[in-house]
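Residues 1 to 100 (the UniProt record's numbering) make up the sequence shown, in order. Every residue gets a Cβ at the ideal spot worked out from N, C-alpha and C, and that includes glycine. For clarity, every value in this text was computed on a predicted model and none was experimentally measured.
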Amino acid sequence: MTENELMRTLRDVLKDKRYLVVLDDIWSSDQWDILKHAFPPGKNGSKILFTTRIKDVPLLADPSSYHFLQMVPVGSFSKVKHFKQMEQSHIMLAPENLRN
Numbered sequence: 001m002t003e004n005e006l007m008r009t010l011r012d013v014l015k016d017k018r019y020l021v022v023l024d025d026i027w028s029s030d031q032w033d034i035l036k037h038a039f040p041p042g043k044n045g046s047k048i049l050f051t052t053r054i055k056d057v058p059l060l061a062d063p064s065s066y067h068f069l070q071m072v073p074v075g076s077f078s079k080v081k082h083f084k085q086m087e088q089s090h091i092m093l094a095p096e097n098l099r100n
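Shown next as structure tokens:
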């Protein structure tokens with residue numbers, strides 16, 4: 001299966017569905033320009049979560065729903081500070097039984 005066929009198949013599967021997709025370690029807008037065609041347009045509540053070191057890359061996907069959470073080295077902050085940072089970014093913690 002070619003890349004174009006794979007993207008077309010993914011688009012067809014996701015069409016008319018709500019989904020959450022995690023794109024890990026996206027380093028350039030060029031990567032998103034290629035991948036974005038695999039995701040159907042629309043406002044059905046679907047989300048794409050980027051992990052990246054480049055702040056501007058996720059802005060290309062949807063500037064209106066952009067939230068940035070800068071990671072801090074483990075051990076350099078307390079759990080309370082971490083929770084407040086996540087709370088301010090509108091990110092919810094996973095329930096206790098789903099952690100780790």
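Comparing C-alpha distances from Asn4 to each of Ala38, Pro63, Asn44 and Leu59 shows the shortest one belongs to Ala38. If you look at Val22, you'll find it isn't in any alpha helix (DSSP H); it sits in the beta strand (DSSP E) that goes Leu20 to Leu23.
Between Phe50 and Leu6, the CB-CB gap reaches or exceeds 8 Å. Between the C-alpha atoms of Ile48 and Val57 there is a straight-line separation of about 12 Å.
Under DSSP, Lys15 forms no beta bridge with any residue.
8 Å or more divides the Cβ of Trp32 from the Cβ of Leu10.
Remark: C-beta atoms of Arg18 and Ser46 approach each other more closely than 8 Å.
Per DSSP, Leu59 lies in no beta strand (DSSP E) segment and is marked neither H nor E.
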